[in-house]
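Novice: Sending over a structure as structure tokens; questions will come in a sec.
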Amino acid sequence: GQQLNQSPQSMFIQEGEDVSMNCTSSSIFNTWLWYKQDPGEGPVLLIALYKAGELTSNGRLTAQFGITRKDSFLNISASIPSDVGIYFCAGRYNNNDMRFGAGTRLTVKP
Amino acid sequence: DTAVSQTPKYLVTQMGNDKSIKCEQNLGHDTMYWYKQDSKKFLKIMFSYNNKELIINETVPNRFSPKSPDKAHLNLHINSLELGDSAVYFCASSQPSAGINEQFFGPGTRLTVL
Chain A
4 GQQLNQSPQS
14 MFIQEGEDVS
24 MNCTSSSIFN
34 TWLWYKQDPG
44 EGPVLLIALY
54 KAGELTSNGR
64 LTAQFGITRK
74 DSFLNISASI
84 PSDVGIYFCA
94 GRYNNNDMRF
104 GAGTRLTVKP
Chain B
103 DTAVSQTPKY
113 LVTQMGNDKS
123 IKCEQNLGHD
133 TMYWYKQDSK
143 KFLKIMFSYN
153 NKELIINETV
163 PNRFSPKSPD
173 KAHLNLHINS
183 LELGDSAVYF
193 CASSQPSAGI
203 NEQFFGPGTR
213 LTVL
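If you're matching them up, the sequences are chains A and B in order. The numbering of the first sequence is the working numbering, which starts it at 4 and goes up by one. The numbering of the second sequence is the working numbering, which starts it at 103 and goes up by one.
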């Protein structure tokens, strides 16, 4: 199946710092999605990207769909303690199938 | 008015037992999914149903049998539970036919097999 490589695996940052994480694939995806999972909860959609080169913001979050359609990044600016959680990228390559990255575990120190 | 709901939230059972997890979505979506999240938090798709028909069946032991009585429900039945089945199971739904490719997830069911 399609494989996604998400990095970094984990990040420890100070409150107020900016964060960047990315996903790459050897295959082309039609859609890139970024999710956040809080402990004990299901993943919640943050940003959806549908076109190569698309840059989309959601508050302090910004994500881009790579031009080659094989990568995407997520930036978080001015991190706050509630940004703590696991961030997943996901790529869709047909109508029903989506693959997830292994997740980036973010810790924000006050 | 929860969009995707699952029951139970926690399930603790003995090896060899049979158990079911239920999922319901009130979003009007026509596609539903089951995912397994292991202890390392890796999310792996197990099944996908579109309008009650099986679309995706990843390499999952046939002890796992999904059942979709209608397009708003996708239940997961597991026979002869094994220790390795311990994980968090997530149900999700989407509406790809309407261009809604985002999958909305339920809160998860934490299954512990003793």
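Positions of the beta carbon are idealized from the N, C-alpha and C atoms, including for glycine.
Assuming contact is defined by CB atoms lying nearer than 8 Å, are B/Met134 and B/Cys193 in contact in what I supplied?
Specialist: The count along the second sequence starts at 1 and reaches residue 134 of chain B at position 32. The count along the second sequence starts at 1 and reaches residue 193 of chain B at position 91. In this structure, B/Cys193 lies closer than 8 Å to B/Met134 by Cβ.
Novice: Identify the contact partners of A/Gly56 in chain B, using a Cβ-Cβ distance below 8 Å as the criterion.
Specialist: Taking the first sequence and counting its residues from 1, one reaches residue 56 of chain A at position 53. Those do not exist, as A/Gly56 stays about 18 Å from chain B at its closest Cβ, beyond 8 Å.
Novice: Would you call the CB atoms of B/Ser188 and B/Arg165 closer than 8 Å?
Specialist: Numbered from its first residue, the second sequence carries residue 188 of chain B at position 86. Numbered from its first residue, the second sequence carries residue 165 of chain B at position 63. Going by C-beta atoms, B/Ser188 is not nearer than 8 Å to B/Arg165.
Novice: Let me check one thing: in DSSP terms, what residues is B/Ile85 bridge-paired to?
Specialist: Absent from the structure is residue 85 of chain B, since the part of chain B shown begins at 103 and ends at 216.
Novice: Of the residues that make up the region 60–94 of chain A, which ones have a beta carbon closer than 9 Å to any beta carbon in chain B?
Specialist: Going along the region 60–94 of chain A in chain order, one finds Ile89, Phe91 and Ala93 with a Cβ nearer than 9 Å to chain B.
Novice: Can the beta-carbon of A/Ala55 be found less than 8 Å from the beta-carbon of A/Gly45?
Specialist: As a working mapping, residue 55 of chain A is identified with position 52 in the first sequence. As a working mapping, residue 45 of chain A is identified with position 42 in the first sequence. No, Cβ-Cβ distance for A/Ala55 and A/Gly45 is not below 8 Å.
Novice: Could you pull the DSSP bridge partners for A/Met24 from this structure?
Specialist: Sequence index remark: in the first sequence, residue 24 of chain A carries index 21 (1-based). Looking at the DSSP assignment, A/Met24 forms a beta bridge with A/Leu77.
Novice: Is any beta-carbon of chain B found at less than 8 Å from that of A/Thr107?
Specialist: As a working mapping, residue 107 of chain A is identified with position 104 in the first sequence. For A/Thr107, the answer is no, since every Cβ of chain B falls outside 8 Å of its Cβ.
Novice: Give the range of the beta strand (DSSP E) segment to which B/Val106 is assigned.
Specialist: In the second sequence, residue 106 of chain B corresponds to position 4, counting from 1. Element bounds for B/Val106: Val106 to Thr109.
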